[in-house]
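> Sharing a structure with you now.
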Amino acid sequence: MIALGGVIGAGLFIGSSAAIAAAGPAILLTYIGTGLLVVIVIRMLGEMLLARPGIGTFIDCIRTAHGNWAGFLSGWLYWLFWVVTIGAEAIGGAIAMQDWVALPVWVLAPALIIAVNLINLVSVRVFGECEFWLSLIKVATIIAFCALGILSLSHFVGPHPRIVHNVFSHDGFFPHGWGAILATVPTVLFSMIGSESATVAAAESENAEENLARVTRTIGVRVTLFYILSVILILTLVPWTAIEPGYSPFVTVMRHIGVPGAATLMQIVVFTAILSCLNSSIYITSRTLRGLAELNDAPTWFAMLSKSHVPQRAVTFSSIIGLVVAFCSILSPKLIFAFLLGATGAVMLLIYGLIVSSHRILRLEDPTNRAFTLPFGSVLNLGTLGAIGLVVLAMMAQAAQRQTILASLASVVVILGLYALCRRGR
Numbered sequence: 001m002i003a004l005g006g007v008i009g010a011g012l013f014i015g016s017s018a019a020i021a022a023a024g025p026a027i028l029l030t031y032i033g034t035g036l037l038v039v040i041v042i043r044m045l046g047e048m049l050l051a052r053p054g055i056g057t058f059i060d061c062i063r064t065a066h067g068n069w070a071g072f073l074s075g076w077l078y079w080l081f082w083v084v085t086i087g088a089e090a091i092g093g094a095i096a097m098q099d100w101v102a103l104p105v106w107v108l109a110p111a112l113i114i115a116v117n118l119i120n121l122v123s124v125r126v127f128g129e130c131e132f133w134l135s136l137i138k139v140a141t142i143i144a145f146c147a148l149g150i151l152s153l154s155h156f157v158g159p160h161p162r163i164v165h166n167v168f169s170h171d172g173f174f175p176h177g178w179g180a181i182l183a184t185v186p187t188v189l190f191s192m193i194g195s196e197s198a199t200v201a202a203a204e205s206e207n208a209e210e211n212l213a214r215v216t217r218t219i220g221v222r223v224t225l226f227y228i229l230s231v232i233l234i235l236t237l238v239p240w241t242a243i244e245p246g247y248s249p250f251v252t253v254m255r256h257i258g259v260p261g262a263a264t265l266m267q268i269v270v271f272t273a274i275l276s277c278l279n280s281s282i283y284i285t286s287r288t289l290r291g292l293a294e295l296n297d298a299p300t301w302f303a304m305l306s307k308s309h310v311p312q313r314a315v316t317f318s319s320i321i322g323l324v325v326a327f328c329s330i331l332s333p334k335l336i337f338a339f340l341l342g343a344t345g346a347v348m349l350l351i352y353g354l355i356v357s358s359h360r361i362l363r364l365e366d367p368t369n370r371a372f373t374l375p376f377g378s379v380l381n382l383g384t385l386g387a388i389g390l391v392v393l394a395m396m397a398q399a400a401q402r403q404t405i406l407a408s409l410a411s412v413v414v415i416l417g418l419y420a421l422c423r424r425g426r
């Protein structure tokens with residue numbers, strides 16, 4: 001439940017509106033193709049973890065396949081991605097809270113980070129309990145939405161949907177052309193990112209190897225099904241032209257069906273999604289930082305555990321940096337914060353590429369290992385790397401996304417430079 005809920009966030013509940021508006025009904029092809037990419041990458045990760053019992057997380061897989069430099073790079077890039085997410089989610093949560101609490105964002109955002117930081121400082125069990133219930137709310141919302149949508153399609157509730165009219169009568173299935181399918185891939189992909197984070201939590205649980213294997217086998221498929229089914233229902237129940245960017249398509253559909261208080265209900269769910277992502281982000285950054293410290297890729301001070309087995313120093317440091325990011329959003333939204341978002345915007349593409357290439361290397365090193373069961377072997381590895389490269393090209397073709405690629409490359413150069421300095425210092 002935690003692994004599943006950790007991936008479902010505001011990117012689905014609100015962000016999907018921009019993607020639908022940009023591509024129309026053809027966005028369904030984007031979700032199917034992008035979902036397939038995520039499923040394959042996570043499946044490859046799962047095979048590596050099964051092939052090398054006790055290896056750890058995906059960062060350890062990358063380190064084993066490519067060397068220490070790749071472990072250093074992927075670890076710090078991953079930490080940077082999620083620490084920026086802490087600040088961004090805190091700002092989003094603060095804005096959502098302003099409808100209920102008459103306080104400025106610069107007060108609410110730090111309050112959210114401090115509160116979630118305290119949850120993470122207590123124990124892994126407390127974190128798990130909180131994340132379980134937050135995730136349950138999100139998953140239950142999607143299940144309820146899908147159930148209502150299916151009932152509406154079956155003419156049991158709400159007005160009878162005009163499926164063919166909704167999908168094909170507004171400039172056809174491809175209202176913005178085939179190019180829109182590729183152009184919206186980055187938006188859809190980034191809303192699905194997070195499946196790999198389940199390995200970080202599973203590695204710290206009891207029966208870690210069993211949990212790692214189960215999570216990586218199922219999480220990608222489940223998330224993809226949730227996303228695709230939700231989008232299918234949205235596209236068939238209301239005309240895609242009724243979807244407004246920045247406004248939840250779930251609310252649009254529920255109002256069409258006749259659900260009372262749909263906007264208020266979804267506002268609560270979106271805030272829950274933000275809180276869940278903030279909680280997971282602090283957990284992931286602290287464990288990633290601790291893992292780096294244990295290998296001397298970060299100050300060993302961060303590896304120390306409390307009596308409740310929590311890396312409290314790593315938790316606190318990551319939360320503080322997330323707080324700094326949040327204040328950057330308030331004080332310099334168009335300069336410093338925009339650069340931070342850009343500097344981390346494409347790093348997950350590189351990490352996914354490293355996961356796929358690591359799978360290829362480890363599979364070729366041990367071809368008889370029964371854990372490697374994906375068909376088509378090298379062809380699938382190369383095809384997946386090609387698909388990731390295609391996403392990069394799609395981003396380079398868009399001016400705003402091009403800046404993200406360049407800023408992310410700058411992050412890679414800086415981290416590799418730090419690795420060279422650290423290695424020389426040793």
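Sequential numbering of the sequence shown, starting at 1, is according to the UniProt record's numbering.
Ideal placement from N, C-alpha and C gives every residue a C-beta, glycine not left out.
Source: prediction; values computed, not measured.
Three or more beta-carbon pairs under 8 Å between the segment 55-69 and the segment 376-386, yes or no?
No, they do not touch.
> Could you compute how far the alpha carbon of C61 sits from the alpha carbon of M48?
So the alpha carbons of these two residues sit roughly 7 Å apart.
> Just to confirm, is the Cβ distance from I405 to M396 under 9 Å?
Yes, they are a contact pair.
> Quick check on the DSSP output: what are the complete alpha helix (DSSP H) runs of length 4 or more inside the segment 43-82, in order along the chain?
Entirely contained in the segment 43-82, the alpha helix (DSSP H) runs reaching 4 residues are, in chain order, 58-66.
> Whose C-beta lies closer than 7 Å to the C-beta of Y31 among residues of the same chain, with five residues either side of it excluded?
Once the five neighbours on either side are set aside, the close Cβ partners of Y31 are V188, Y227, I228 and V231.
> When DSSP labels each residue in this structure, what does S308 get in the three-state scheme?
Three-state result, S308: coil.
> Go ahead and pull the three-state DSSP assignment for I330.
Residue state, collapsed to three classes: helix.
> Taking its Cβ as the centre, do 16 or more other Cβ atoms sit within 10 Å of E365, making it buried, or is it exposed?
Result: exposed.
> Determine the closest residue to L354 out of V105, L45, A51 and A18, with distance taken between C-alpha atoms.
If we check each option's Cα against that of L354, L45 comes out closest.
> In or out: I114 buried (at least 16 other Cβ within 10 Å) or exposed?
Answer is exposed; the Cβ neighbour count stays below 16.
> Flag this pair as yes or no: are the beta carbons of S319 and E131 separated by less than 9 Å?
Cβ distance not < 9 Å, so S319 and E131 don't count as in contact.
> In this structure, how does DSSP classify L362 when only helix, strand and coil are distinguished?
L362 falls in the helix class under three-state DSSP.
> Between which two residues does the alpha helix (DSSP H) holding Q398 run?
Per DSSP, Q398 belongs to no alpha helix (DSSP H) and is neither H nor E.
> Distance, Cα to Cα, H160 vs S152?
C-alpha separation (whole angstroms): 7 Å.
> Starting from the Cα of residue 484, find the closest Cα among N68, V157 and F376 and give me that residue.
Residue 484 is absent from the structure shown; the chain starts at 1 and stops at 426.
> From A262 to I268, what distance separates their C-alpha atoms?
So the two alpha carbons sit approximately 10 Å from each other.
> If you reduce the DSSP assignment to three classes, tell me which class H165 lands in.
Looking at H165 - three-state DSSP - the assignment turns out to be helix.
> Considering G291, what are the terminal residues of the alpha helix (DSSP H) in which it resides?
Per DSSP, G291 belongs to the alpha helix (DSSP H) from A262 to E294.
> May I ask you to verify whether the segment 284-298 touches the segment 168-179, counting CB pairs closer than 8 Å and requiring at least 3?
Output reads no: the segment 168-179 does not touch the segment 284-298.
> For the segment 290-310 and the segment 136-150, state whether three or more C-beta atom pairs, one from each stretch, are separated by less than 8 Å.
The segment 290-310 vs the segment 136-150: no contact.
> Identify, in the order they occur along the chain, each residue of the same chain with its Cβ nearer than 8 Å to the Cβ of W301, setting aside the five sequence neighbours on each side.
The residues are A293 and R313.
> When burial is assigned at 16 or more other CB atoms within 10 Å of the CB, is K138 buried or exposed?
Looking at its Cβ environment, which holds 16 or more other Cβ atoms inside 10 Å, K138 is buried.
> Once you ignore the five residues that flank V251 on each side, which residues in its own chain have a CB closer than 7 Å to its CB?
So the list reads A262, A263 and M266, once near-sequence residues are dropped.
> Does the separation of the CB atoms of G33 and I193 fall below 9 Å?
Not a contact, by the Cβ cut-off of 9 Å.
> So, with DSSP's three-state summary, where would you put T85?
In this structure, T85 counts as helix in the three-state DSSP scheme.
> What residue range does the alpha helix (DSSP H) around G342 cover?
Its alpha helix (DSSP H) spans residues I336 to G345.
> Going by other Cβ atoms of all chains shown within 10 Å of its Cβ, with 16 needed for buried, is H359 buried or exposed?
Under this definition H359 is a buried residue.
> If you draw a straight line from the C-alpha of L278 to the C-alpha of A90, how long is it?
Spanning the two alpha carbons is a distance of roughly 7 Å.
> Per DSSP, what kind of secondary structure is F156 in: helix, strand or coil?
Coil at F156, not helix or strand.
> Can you tell me the Cα-Cα spacing of A198 and V215, whole angstroms?
Between A198 and V215, the C-alpha separation is close to 7 Å.
> Tell me whether T368 sits in a helix, a strand or coil according to DSSP, three-state version.
Correct three-state label for T368: coil.
> Check for me: the alpha helix (DSSP H) holding L374 runs from which residue to which?
Neither: L374 is in no alpha helix (DSSP H) and is coded neither H nor E.
> Exposed or buried, which one is C422 when buried takes at least 16 other CB atoms within 10 Å?
C422 should be labelled exposed.
> Three or more beta-carbon pairs under 8 Å between the segment 94-106 and the segment 341-352, yes or no?
No, because fewer than three Cβ pairs between the segment 94-106 and the segment 341-352 fall closer than 8 Å, the two stretches do not touch.
> Just the C-alpha distance for P186 and K307, rounded to the nearest angstrom, thanks.
Roughly 42 Å between the two C-alpha positions.
> Can you name the start and end residues of the alpha helix (DSSP H) that W106 belongs to?
Start and end: V105 to V122.
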